[in-house]
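Worksheet for the structure shown next.
Residue numbers (the numbering used here), protein chains in the order written: chain P, 214 to 449; chain D, 38 to 325.
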């Protein structure tokens with residue numbers, strides 16, 4: 214579904230992406246992992262059109278991502294930090310997204326599942342960080358997109374809500390939707406991911422299915438295989 | 038619980054997404070502007086800004102009686118305060134809105150339309166605060182005299198023009214400086230330069246070249262600084278340029294009358310359009 218070829222990006226004199234070649238398969242959960250500064254966020258931002266790569270291309274169902282914004286109608290994005298304007302309510306925020314998407318049809322199941330409906334009419338400023346993060350999650354799931362881009366989706370969520378969100382991610386995958394997520398919580402990746410992309414220093418060090426990863430690293434859990442990958446980098 | 042929606046039911050068939058591009062862009066501009074204006078109008082800071090003008094205007098009216106002197110004092114307050122507070126509020130606001138801007142950029146909307154929406158949504162509440170704060174106390178007194186009415190309109194119009202210029206400059210600063218402290222420093226620096234340092238430099242130049250004809254250079258220098266330009270345009274409207282000394286006399290001579298006003302207003306319009314174009318360009322190309 215998503216194919217990136219030779220993606221490069223340099224900030225100032227710091228190379229962040231150094232030729233990223235990736236194929237992200239439809240209908241699967243792909244976890245992008247790697248140490249801080251590996252280029253995970255830059256890759257996601259390039260996919261969303263927030264950042265323009267210096268070289269290389271990303272295609273979405275065969276169409277190169279460029280100036281035309283319409284492909285983003287098929288993406289639901291959940292940023293890592295739920296930093297919203299302070300003086301508006303959750304209802305107004307979701308309303309704006311709905312207006313910008315030009316649709317009244319909305320999938321608000323996650324609003325109810327996470328129990329944020331009662332908080333929607335309060336100003337976002339007075340909500341707790343966790344509740345804001347729930348609004349953030351609900352916003353990403355509003356428009357039944359083909360592709361979900363979730364940047365550390367469960368950070369700041371309590372275990373119960375985190376479980377609900379994870380269930381929903383799996384359910385969307387079972388409906389044939391594609392999910393790209395980043396996470397530092399390896400047990401969570403173990404639970405959710407079908408495919409793993411290991412980014413380090415701006416290049417792909419591993420990309421493939423979970424079984425393949427376990428075979429290559431001769432371990433039994435994703436947690437251990439990723440740890441093995443990271444150690445391998447340190448040793449090299 | 039509603040049934041799961043299929044993606045085919047949504048985005049691709051939505052009327053706006055497939056509608057003609059200009060209409061879709063206009064839709065984005067108005068929606069973002071309305072949302073943003075609502076957000077800004079509820080901020081305590083903006084309410085304090087409006088109240089400041091209200092209190093100052095009311096105070097001046099009580100102590101000076103509402104004649105031309107009141108308007109003049111108001112004019113000088115607007116000329117100093119509006120650029121400073123617009124720059125500071127604008128940059129701080131934009132740095133705080135950074136993550137939210139990224140969320141909006143990830144929606145299927147045109148970047149330029151988003152910029153236009155964010156810019157209008159920030160400018161309109163600031164202009165309204167000036168209009169209500171400065172105009173309110175006069176309105177409550179019922180405009181007995183026709184003279185202050187035109188003068189008051191000129192003061193509010195100048196405040197609006199300055200707001201439009203310095204909001205756009207705030208956008209440019211926030212887009213160019215990644216670091217918010219440096220950005221805030223740049224904002225204050227721009228104000229110091231335009232409101233204080235520039236006049237000092239002009240004075241020094243006048244003193245140094247007093248043997249030469251300075252009419253044309255003075256005129257150019259006035260056009261080159263939006264705060265000076267706004268001051269001159271305003272004072273021309275208030276017909277008190279005799280109070281401006283030498284430069285005032287020169288400018289009265291060059292810019293007085295209908296043509297002069299036209300030139301000054303056009304120059305102000307250019308000062309609004311320039312920073313907006315720069316900010317738009319930076320916004321369209323920026324890596325967030």
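Where is the CB? At the ideal position from N, CA and C, for every residue including glycine.
Nothing here was measured: the structure is a model prediction, and the numbers come from that model.
Membership of residue 128 of chain D in the alpha helix (DSSP H) is indicated by the continuous run 105-133.
A distance below 8 angstroms between beta-carbons, with the five flanking residues on each side excluded, links residue 185 of chain D to the following residues of its chain, in chain order: 103, 104, 105, 107, 108, 175.
Shown here for residue 317 of chain P: same chain residues with a beta carbon closer than 7 angstroms to its own, the five before and five after excluded, namely 311 in chain order. In the three-state DSSP reduction, residue 361 of chain P falls in the strand class (E or B). DSSP places residue 423 of chain P inside the alpha helix (DSSP H), whose first and last residues are 423-430. Counting of Cβ neighbours within 10 angstroms places residue 342 of chain P among the exposed residues, the total staying below 16. With respect to the 7 angstroms criterion, residue 407 of chain P and residue 435 of chain P are not classified as neighbours on the basis of their beta carbons. Apart from the 5 residues on each side of it in sequence, residue 162 of chain D sits with its Cβ closer than 6 angstroms to the Cβ of 74, 77, 78, 83 in its chain, given in chain order. Interface with chain D (7 angstroms Cβ-Cβ cutoff): residue 290 of chain P is included. Put simply, the CB of residue 84 of chain D is far from chain P, with every gap to its CB atoms at 7 angstroms or more. For residue 146 of chain D and residue 217 of chain P, the gap between their C-alpha atoms comes out near 23 angstroms. Annotation: residue 191 of chain D to residue 124 of chain D spans about 22 angstroms, alpha carbon to alpha carbon.
Residue 253 of chain D counts as exposed, since fewer than 16 other C-beta atoms from the protein chains shown sit within 10 angstroms of its C-beta.
A straight line joining the alpha-carbon of residue 308 of chain D with that of residue 263 of chain D spans about 7 angstroms. Sixteen is the threshold: when 16 or more other Cβ atoms of the shown chains lie within 10 Å of the Cβ of residue 365 of chain P, as they do, the residue is buried.
Using a Cβ-Cβ cut-off of 7 angstroms, residue 340 of chain P does not count as an interface residue toward chain D, since no Cβ of chain D sits closer than that to its own.
If only uninterrupted alpha helix (DSSP H) runs of at least 4 residues are considered, those enclosed by the region 273-342 of chain P are 303-314, 322-326.
Residues of the region 261-285 of chain P with a C-beta atom less than 8 angstroms from some C-beta of chain D are 261, 262, 263, 264, 265, 282, 283, 284, 285, listed in chain order.
With contacts defined by Cβ atoms closer than 7 angstroms, residue 238 of chain P and residue 394 of chain P do not form a contacting pair.
Here the C-alpha atom of residue 274 of chain D lies approximately 12 angstroms from the C-alpha atom of residue 193 of chain D.
One Cα belongs to residue 441 of chain P, the other to residue 362 of chain P, and the distance between them is close to 26 angstroms. Following the DSSP letters along the chain, one finds residue 66 of chain D in no beta strand (DSSP E) but inside the alpha helix (DSSP H) bounded by residues 58-78. Beyond the five residues adjoining it in sequence on each side, residue 260 of chain D comes within less than 7 angstroms, by CB distance, of 266, 304 in the same chain, given in chain order.
The straight-line gap separating the alpha-carbon atoms of residue 258 of chain D and residue 239 of chain D is approximately 8 angstroms. By DSSP's assignment, residue 230 of chain P forms a beta bridge with P/222. DSSP places residue 92 of chain D in the uninterrupted alpha helix (DSSP H) bounded by 81-101. Residues 267, 271 of the same chain have their beta carbon placed closer than 6 angstroms to that of residue 195 of chain D, with the five preceding and five following residues left out of the count. Those residues of the region 142-167 of chain D placed with their C-beta closer than 8 angstroms to a C-beta in chain P are 142, 143, 144, 145, 146, 147, 148, ordered along the chain. Of the residues assessed, residue 144 of chain D falls on the buried side of the cut-off, its CB having 16 or more other CB atoms within 10 angstroms. One finds 299, 300 in chain P with Cβ atoms closer than 8 angstroms to the Cβ of residue 80 of chain D, taken in chain order. For residue 246 of chain P, the enclosing beta strand (DSSP E) covers residues 242-246. If you check each beta-carbon in the region 225-259 of chain P against every beta-carbon of chain D, the ones closer than 8 angstroms belong to 258.
Residue 65 of chain D reaches chain P at 313, counting residues in chain order whose Cβ is nearer than 8 angstroms. Proximity of residue 252 of chain D to chain P, defined by a Cβ-Cβ separation below 7 angstroms, is not satisfied. From the listed residues P/293, P/422, P/418, P/314, the smallest Cα separation to residue 356 of chain P is found for P/314. The bridge partners DSSP lists for residue 268 of chain P are P/221.
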